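Under the numbering used here, read the sequence shown as residues 2 to 284, first letter to last. Just so you know, even glycine gets a beta-carbon here, dropped at the ideal spot from N, CA and C. These numbers come from a predicted model, not from an experiment.
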Amino acid sequence: MSLALLGPAAVATAQPKPAAPAKIKVYLVGTFHFGGSETDVHKGTKTDVRTPQMQRELDELVGKLAKTRADKVFIEFKLPDQPFADSTYALYRRGQLKASNNEVYQLAYRLAHKLNRPRVYCADADGVFDYPAAQAYAQQHGQEQILNNAFITPPQDSLGRLISARTGPRQTPNDIEQAPDKTLLARFIRENSEAAERAQMDAYLLDVARIGGGSSYAGADLAGEFFKRNVRIYTNLLRQVDLQHDRAIVLVIGQGHVAFLKDILKYNSLFEVADVVPLLQAK
Numbered sequence: 002m003s004l005a006l007l008g009p010a011a012v013a014t015a016q017p018k019p020a021a022p023a024k025i026k027v028y029l030v031g032t033f034h035f036g037g038s039e040t041d042v043h044k045g046t047k048t049d050v051r052t053p054q055m056q057r058e059l060d061e062l063v064g065k066l067a068k069t070r071a072d073k074v075f076i077e078f079k080l081p082d083q084p085f086a087d088s089t090y091a092l093y094r095r096g097q098l099k100a101s102n103n104e105v106y107q108l109a110y111r112l113a114h115k116l117n118r119p120r121v122y123c124a125d126a127d128g129v130f131d132y133p134a135a136q137a138y139a140q141q142h143g144q145e146q147i148l149n150n151a152f153i154t155p156p157q158d159s160l161g162r163l164i165s166a167r168t169g170p171r172q173t174p175n176d177i178e179q180a181p182d183k184t185l186l187a188r189f190i191r192e193n194s195e196a197a198e199r200a201q202m203d204a205y206l207l208d209v210a211r212i213g214g215g216s217s218y219a220g221a222d223l224a225g226e227f228f229k230r231n232v233r234i235y236t237n238l239l240r241q242v243d244l245q246h247d248r249a250i251v252l253v254i255g256q257g258h259v260a261f262l263k264d265i266l267k268y269n270s271l272f273e274v275a276d277v278v279p280l281l282q283a284k
């Protein structure tokens, strides 16, 4: 039987539904801090990427990240730093910036320039992260073993050992960072792996969150403040994307943020997380 015989109503119902608008892809590039860090709980070690060999490896890394074809590159600078980012990135594009050993200049600026983007966008946000207060509480209440070597080794308090017995051996953020790699590309593949993200979340949710007792949630509050900072970072992305035209964005940010940001973006009708690892592994 033809659709003509069924009448106009049948013809109307037979029309295919319009395709749903594509979500904006968010490529989260977790990085170590090239110059180390004075503010993170886990300080990390310095890696000088200004040597000729490391510059070649950075070019290789950026060449792979350029496959994102990102419309915008976001950096771990706070919003008030935007004029500084604008001026230094303009100098970078003209070949007039003597870039220091920092992932923003060496990686993010290089990527934005390769993509021929006129600007980089600040996305970091202030947050309260009173780690010393959590340490003080732990020391006053016999929980100091939980935070001893935090983010370096799993806690060896009694509950920590029970958790380890249940989960089996687990990696820490320090394990991820200190693993030997032959190349910068290999390090970025490892630091953006699911194992790296799980190590960060375990450190906060299986270790730090246990600080406290009774009506005190000192550790949970500390983890919650870090989560809140990442929601603010997400909001800075949301406020600056072009809702009509952007198809993909890149955020270059400290690796410790990635798992939290992925969790925030997981159930989102506008954005979708795009995994950078396949791009980095592609030949």
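Residues 186 of the same chain have their beta carbon placed closer than 7 Å to that of residue 61, with the five preceding and five following residues left out of the count. Between residue 33 and residue 256 the beta-carbon gap is near 6 Å, inside 8 Å, which marks them as a contact. Annotation for residue 166: the continuous alpha helix (DSSP H) segment containing it runs 159-168.
Measuring C-alpha to C-alpha distances from residue 164 to each of 147, 216, 142 and 114 identifies 147 as the nearest. For residue 48, the closest of 54, 36, 177 and 76 by C-alpha to C-alpha distance is 36. A Cβ-Cβ distance of about 6 Å is found for the pair residue 67 and residue 116, placing them in contact under the 8 Å criterion. Distance from residue 272 to residue 25 at the Cβ level is roughly 5 Å; contact confirmed, criterion being Cβ atoms closer than 8 Å. For residue 105, the CB contacts under 6 Å within the same chain, skipping 5 residues up- and downstream, are 76 in chain order. The segment 205-212 and the segment 86-103 do not touch, with fewer than 3 CB-CB distances between them shorter than 8 Å. Secondary-structure assignment with DSSP links residue 75 through a beta bridge to 122 and 252. In the DSSP assignment, residue 217 forms a beta bridge with 214. A distance below 6 Å between beta-carbons, with the five flanking residues on each side excluded, links residue 114 to the following residues of its chain, in chain order: 94. For the set 259, 99 and 248, the Cα lying nearest the Cα of residue 232 is the one of 259. Taking C-beta atoms under 8 Å as the contact rule, residue 228 and residue 130 fail to qualify, at a distance of about 11 Å. Per the coordinates, the alpha-carbon of residue 72 lies some 15 Å from the alpha-carbon of residue 124.
At a Cβ-Cβ threshold of 8 Å, residue 126 and residue 237 count as neighbours. Distance check between residue 144 and each of 251, 249, 214 and 200 places 214 closest, using alpha-carbon atoms only.
Considered as a whole, the segment 85-115 harbours 111-115 as its complete alpha helix (DSSP H) runs of no fewer than 4 residues, in chain order. In the three-state reduction of the DSSP assignment, residue 31 falls in the strand class. For residue 278, the enclosing alpha helix (DSSP H) begins and ends at 278-282. In the displayed model, residue 274 falls within a strand according to three-state DSSP.
According to the DSSP secondary-structure assignment, residue 25 is paired through a beta bridge with 272.
Between residue 278 and residue 159, the C-beta gap is not smaller than 8 Å, which leaves the two residues out of contact. Only buried fits residue 65, as 16 or more other CB atoms lie within 10 angstroms of its CB.
In the DSSP assignment, residue 196 falls within the alpha helix (DSSP H) that extends over 195-203.
For residue 136, the number of other beta carbons within 10 angstroms of its own is at least 16, and it is reported as buried.
In terms of Cβ geometry, residue 253 and residue 100 do not form a close pair [threshold 8 Å].
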